[in-house]
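Just so we're aligned, residue 1 is where the sequence shown starts under UniProt numbering, counting upward by one.
Just so you know, even glycine gets a beta-carbon here, dropped at the ideal spot from N, CA and C.
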Amino acid sequence: MELKELELALDDDQKEIEGYSYELDECHDRVRDINEFVRAIQTGEAPAIPNAASVLADMVEEREEEENAIKKYEEARGWHEQQFQKLQGQCTILEKERVRLHKTCIEICSIFWRCDVFEVIRARLAKLNSKSE
1 MELKELELAL DDDQKEIEGY SYELDECHDR VRDINEFVRA IQTGEAPAIP
51 NAASVLADMV EEREEEENAI KKYEEARGWH EQQFQKLQGQ CTILEKERVR
101 LHKTCIEICS IFWRCDVFEV IRARLAKLNS KSE
């Protein structure tokens with residue numbers, strides 16, 4: 001995988017992680033709101049609600065749905081975090097490899113300059129060029 005592709009994948013996973021974090025925050029807020037509403041009903045702080053038992057049962061069901069969503073979002077976010085770490089590791093390896101290859105290229109060019117390889121090539125090209133004219 002190329003470095004640019006890895007960087008794009010990293011960006012995608014980062015956005016996914018942020019999205020799941022946002023959804024988790026929303027779920028936690030809804031659970032907190034449900035808990036406050038249930039507490040208000042149970043303590044009598046809420047205005048009289050007809051069929052309070054049914055409303056409480058609905059709130060329990062909604063809380064369970066939110067808690068299930070929290071588990072799923074946490075699993076999905078965890079998977080993307082693992083992918084992100086894996087891709088970051090691969091990106092680091094590729095960046096180090098790129099630096100190593102660049103250093104090797106510089107070393108090779110330096111050796112060629114010291115050994116006059118470029119001068120020999122330039123002379124041969126000049127000779128070929130003069131013959132073709």
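To the nearest angstrom, how far is it from the Cα of residue i to the Cα of residue j?
i           : j      : result
GLU26       : ASN35  : 14 Å
ILE41       : GLU74  : 30 Å
ARG30       : GLU18  : 18 Å
ILE49       : HIS80  : 43 Å
residue 162 : CYS105 : This structure does not reach residue 162, given that the chain is present from 1 up to 133, and the question cannot be answered.
VAL55       : ILE70  : 22 Å
GLU119      : ALA126 : 10 Å
ALA76       : GLN85  : 14 Å
VAL38       : GLU23  : 22 Å
ASN129      : VAL117 : 18 Å
ASN51       : ASN68  : 26 Å
Residue i lies in the alpha helix (DSSP H); which residues open and close that run?
i      : result
ASN35  : 3–43
GLU74  : 52–114
GLU119 : 117–132
Return helix, strand or coil for residue i, following the three-state DSSP convention.
i     : result
ILE49 : coil
Under 6 Å from any heavy atom of the ligand FAD, does the C-beta of residue i make it?
i     : result
LEU24 : Annotation note on the ligand FAD: not contained in the displayed structure, which lists no ligands.
With three or more C-beta pairs closer than 8 Å as the rule, is the stretch 89–96 touching the stretch 42–49? no
Is it a yes or a no for the stretch 104–118 touching the stretch 49–63, going by three-plus beta-carbon pairs under 8 Å? no
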